[in-house]
Amino acid sequence: MDPADNGCRYKIALDQVITQLSPPERQLLHLDQPVEDWPANDRLTVTCRLAGFYSEVLETQLDGEADADFLLWQAVDVPGSFTGDDPDAEHLCIVMLTLEGAFRDISSANWDYLIEAAERELAGTVGSQIDVCIRAGDFQGAGGRAKLLKYHGCAVKAVAEPDIYRPLLIARTPQIQGYRLNAAYNVMRGHLVTLVQQRRTLMIGFSAQDNDVQEIFVEGAQHSNWDWNAAMKAFIFAEEDLKQGQKGVLTSAYGEPNYHANRVAIEADARVRAFAKPLLIALLLNVLELKVAALTELGLPAGWLADQKVAIASGLRQLRDGAAATAADPLAFVRRVISALNHGQDLFQHGNSDHGRYLPISRDSLQQIGGVSAATGLRQASVALALLGHGAEAGDWGISNDTAGNTPMRLDQEGKTTRVFLAANDYVASSMVQNGHVDPDSDDTVVLLSASARQRNARFPGGKYGRDGKVNLREICMSSVIEDATDAADLLESFKRSASL
């Protein structure tokens, strides 16, 4: 660009973009320098301001270029900027929650490939669990566990099939204003309207500033009868302060009279004051805890009172909070969680740790947890985890994970370390030995079997101390320990005694 040449086509286009800025904001421009060299505060102010007008900015035409999306495709560089496949913590969490049955529809205005990349990492193949939906045919062929609704298009598809998908990248003002009339998006729009009517919505990093989105919420809110005062809110935003578009969503959802009469309460209840990474990590940990807690209650004697079952399951909170305390680096933490769950679940089910894919606690939602077969052993394993959490809360031991050392859990008791393995049954426990994960002659190792014909009558197996004061390998049948306990306190003491802890 030649800044001195008023006829330069690049300068003409840039001047059109700059008109979106106020006079004070224009004083922050440093057009004689690369943007990355600008003072940080100036760069942030200008880019944030222009981001608020992104559709107008991208509508800017460059003389001599026939493509209406030239600025988007070439300057923004869709092929180079939005086709990366290195997912961050939030993308991994979204896919894990989907595999756990918590999400069935994921709506995204983003063009990037990061959720798909997370699915490939966790499930092995893109599209094996989550269907990417844009056009009508995508919905008609969808057979996965969830739909990823890319209602503004997909960069990877646009690069792979530009004649079909490049025109479907929604970015410019005319495209947004004409979204309702875009025949290619009719099925998408209808699906989104139905979701607004039927499903509660969590919005993350979503300003709802575009007219096409606002129209969907206005139409979907009609006759939906969402109650602003219900305990479970219809629309939640991951925001410190609500933006105007988000307030518009609430107005449409609850109706103008209700919104204006109860604005302060509605807006306060609609905010989750956390952004994507911490919010999704917390949601993932909460879903995992709730699932294991539900399995724990199913694994306890049917005759126990509800408060006794809840008392045992409450030990899981210690495990959840202990894990959360190590989440200073979100991506590293999520990858540790993935590794720990994969390793532990694989060993528990198969006696080996070579599966390499994310193994959900259950594929269905929390409400369907009762459908998890008792034969899996997950109920007794969940009770064992809850009891370990109680011991940690009481200070009887500390719990850590050592996947690198091939140990799902490690208990630390005043200098003594105990390796803990969970096994569904005798066959799995034997496989652990055969595959070299457990040494049958090892000291300070305990295998907690959900069910065991071999150990069923051995209440204190391997509970003798050697000359060095260490305890030999112990195999504990959790079904037996649970069945013999009279209440929560008795179960905890029996567990400690059986495992020589």
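So the sequence shown is numbered by this note's numbering: it starts at 1158 and just counts up by one.
Each residue gets a CB set at the ideal place from its N, CA and C atoms; glycine is no exception.
Since we're looking at a predicted model, the values are computed, not measured.
Per DSSP, what are the beta-bridge partners of K1307 in this structure?
S1265
Looking only at DSSP bridge pairs, what is S1557 linked to?
R1567
Bridge partner(s) assigned by DSSP for V1203:
DSSP output for V1203 lists no bridge partner at all.
CB-CB under 6 Å to L1476, same chain, minus the five flanking residues each way: which ones, in chain order?
G1546
Option nearest L1568 by Cα separation, candidates T1602, L1441, W1383, L1606:
T1602
Since I believe Q1334 is in contact with N1368 (beta carbons under 8 Å), could you give me their beta-carbon distance rounded to a whole number of angstroms?
6 Å
Quick check: the segment 1324-1342 against the segment 1206-1219, are there 3 or more CB pairs under 8 Å?
yes
So R1536 is in the alpha helix (DSSP H); what residue range does that whole segment cover?
1535-1550
In the DSSP assignment, find the alpha helix (DSSP H) that holds V1289 and state where it starts and stops.
Note, V1289: premise wrong, no alpha helix (DSSP H); beta strand (DSSP E) at 1287-1290.
For N1670, list the residues DSSP reports as bridge partners.
Lying outside 1158 to 1658, the shown extent of the chain, residue 1670 is not represented and no answer is given.
To the nearest angstrom, how far is the alpha carbon of F1227 from that of A1418?
46 Å
Would you kindly check if the distance between the Cβ of I1263 and the Cβ of A1303 is under 8 Å?
yes
Pick out the complete beta strand (DSSP E) segments inside the segment 1452-1518, 3 residues or longer, and give them in chain order.
none
By DSSP, does T1255 sit in helix, in strand, or in coil?
helix
Return yes when the Cβ of W1268 is within less than 8 Å of the Cβ of V1316, no when it is not.
no
Which residue wins for smallest C-alpha separation from T1240, given the options C1250, G1472, G1310, E1247?
G1310
If you draw a straight line from the C-alpha of Q1570 to the C-alpha of I1556, how long is it?
9 Å
Going by DSSP, which residues form a beta bridge with C1634?
L1606
Measure the Cβ-Cβ separation of L1178 and V1203 and say whether it is below 8 Å.
yes
What are the boundary residues of the alpha helix (DSSP H) that R1576 is part of?
Here R1576 belongs to no alpha helix (DSSP H); instead the beta strand (DSSP E) covers 1573-1580.
What residues in its chain sit with their C-beta under 8 Å from that of R1624, if we drop five residues either side in the sequence?
Here R1624 scores only 45 on pLDDT, less than 50, and its place in the model is too uncertain to base an answer on.
Which parts of the segment 1384-1462 are runs of the beta strand (DSSP E), unbroken and 3 residues or longer, counting only runs that do not cross its ends?
1392-1395
Is it the case that the Cβ atoms of K1390 and A1422 are separated by a distance below 8 Å?
no
With distance defined between alpha-carbon atoms, name the residue in G1221, V1289, L1516, M1158 nearest to D1189.
M1158
Rounding to the nearest angstrom, what Cα-Cα distance links A1450 and E1650 in this structure?
20 Å
Do A1549 and I1469 have their C-beta atoms within less than 8 Å of each other?
no
Assign H1594 to one of two classes, buried (16 or more other C-beta atoms within 10 Å of its C-beta) or exposed (fewer than that).
buried
Which same chain residues, not among the five before or five after A1365, have their C-beta less than 6 Å away from its C-beta?
G1402, Q1403, V1406
Starting from M1589, follow the alpha helix (DSSP H) in both directions and report where the run begins and ends.
1583-1591
Determine the burial state of P1244: buried for a count of at least 16 other Cβ atoms within 10 Å of its Cβ, exposed for fewer.
buried
By DSSP, does I1327 sit in helix, in strand, or in coil?
coil
Would A1433 pass as a contact of G1508 if the rule is Cβ separation under 8 Å?
no
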